[in-house]
Every structure is written in C-alpha cells, then in structure tokens.
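Chemist: In full-length UniProt numbering, the protein residues as written are 1 to 170.
Ideal Cβ positions, reconstructed from N, Cα and C, are used throughout, including at glycine.
These numbers come from a predicted model, not from an experiment.
Let me begin by handing over the structure; questions about it come next.
Set out below in structure tokens:
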C-alpha cells in the first residue's frame, strides 16, 4: 500500500471507517498514562442517534452524552474498566483495553455475536476496524450477558489499540 492509500485509509472522513488517527484527534482514546493504570473502556460509537444504554449500564457514571442524539463520551479518569457497558451497546462499539495485562502483552475485551463462540485457551485471528487480519491472539475469558458474548483476548501491545474483532480459526 502506497503512502497516499495509507493516508486515505487512516482518514475516517474519506473512508467512512473509524481509524486510530481520527480517534486520537477527537480524544476518543485514553491517554497512555490512563492505559498504564489498568483496564479502561473505549467507546468507538459514531452514531448520532437516540441511544443511551451504555450510559445507564455504567455503575460509576463515567459515560455521558451531551444530548440524547450525540455520541457517548467517556471520562477515562472515572472508568473502572468493569466492562458492563460492552454488552449494553447494540452497536457493538465498546471495548475494554487492559494495556498492562502482562509485561509485553495487552488484553482486549470485545463483543462477539457469531457462531461458533470461541472457548478459553483457543487461538483466534485478530482483526482491525476494517476486518483486516492484524495478528493472532489467545482467548483467556468468555462470558455472556444480554445475549452478547464478551471475549477477552491477549494480543501484543503494538496492535491492542487496533484489535477490534476476532475470527475463530478452523
């Protein structure tokens, strides 16, 4: 991929797909200092629709919406990383990042609504926001709430901020 294509791929306004650059520019990602403190939720919702289950699900009121139709915002300093917001989001747009899960590995808890459901200990393919394969990871936990599974995977720190989906390996 050439420089121009890469720049276009990293411009959400041109592609219609979220990218890390746009999320950083709009302060939608926690700063490194907060990531190093422990698990924290990341809300990647771009919809301006009347939807607020994540606000109601947060036990510490760390998620807010300026208006009923604005996208949710998270106060990273208040978030405990409990993950209750993950299964409340009908758009599957909330993830919990545990940057310091291990010395050089991080964990991502993400919503999963496909079959087969991966099992603990299973290896999975890690996908980015566009569905591109970016690596392989290990499933360390699977739980179900509100008809949505939350799958916690271990990935390298270099891809944790882009790991947003998984594919079960056959």
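Between residue 57 and residue 84, is the Cβ-Cβ spacing less than 7 Å?
Modeler: Here residue 57 is taken as the residue at index 57 of the chain shown, counted from 1. Here residue 84 is taken as the residue at index 84 of the chain shown, counted from 1. Yes; because the gap between Cβ atoms is below 7 Å, this pair is in contact.
Chemist: CB-CB under 8 Å to residue 148, same chain, minus the five flanking residues each way: which ones, in chain order?
Modeler: Start at 1 with the first residue of the chain shown, and residue 148 comes out as number 148. The residues are 86, 87, 92, 111, 112 and 113.
Chemist: Find the nearest neighbour of residue 168 within the set 160, 124 and 134, judged by alpha-carbon distance.
Modeler: Numbered from 1 along the chain shown, position 168 holds the residue referred to as residue 168. When each option's Cα is compared against that of residue 168, the closest is 124.
Chemist: Give the range of the alpha helix (DSSP H) segment to which residue 53 is assigned.
Modeler: If you number the chain shown from 1, residue 53 lands on position 53. Where residue 53 is concerned, the enclosing alpha helix (DSSP H) stretches over 53-57.
Chemist: Measure the CB-CB distance between residue 159 and residue 138 and report whether it falls below 7 Å.
Modeler: What you label residue 159 is simply residue 159 of the chain shown in a count that begins at 1. What you label residue 138 is simply residue 138 of the chain shown in a count that begins at 1. Taking 7 Å as the Cβ cut-off, residue 159 and residue 138 do not qualify as a contacting pair.
Chemist: By how many angstroms is the C-alpha of residue 117 removed from the C-alpha of residue 31?
Modeler: Taking the chain shown and counting its residues from 1, the one referred to as residue 31 is at position 31. Taking the chain shown and counting its residues from 1, the one referred to as residue 117 is at position 117. Answer to the nearest angstrom: the Cα atoms are 32 Å apart.
Chemist: Is any heavy atom of the ligand SAM found at a distance shorter than 6 Å from the C-beta of residue 59?
Modeler: Among the components of this structure there are no ligands whatsoever, and the ligand SAM is therefore not found.
Chemist: Assign residue 5 to one of two classes, buried (16 or more other C-beta atoms within 10 Å of its C-beta) or exposed (fewer than that).
Modeler: Position 5 of the chain shown, counted from the start, is the residue given in the question as residue 5. Interpretation of residue 5 is limited by its pLDDT of 46, a score under 50 that renders its predicted location unreliable; no figure is taken from the coordinates.
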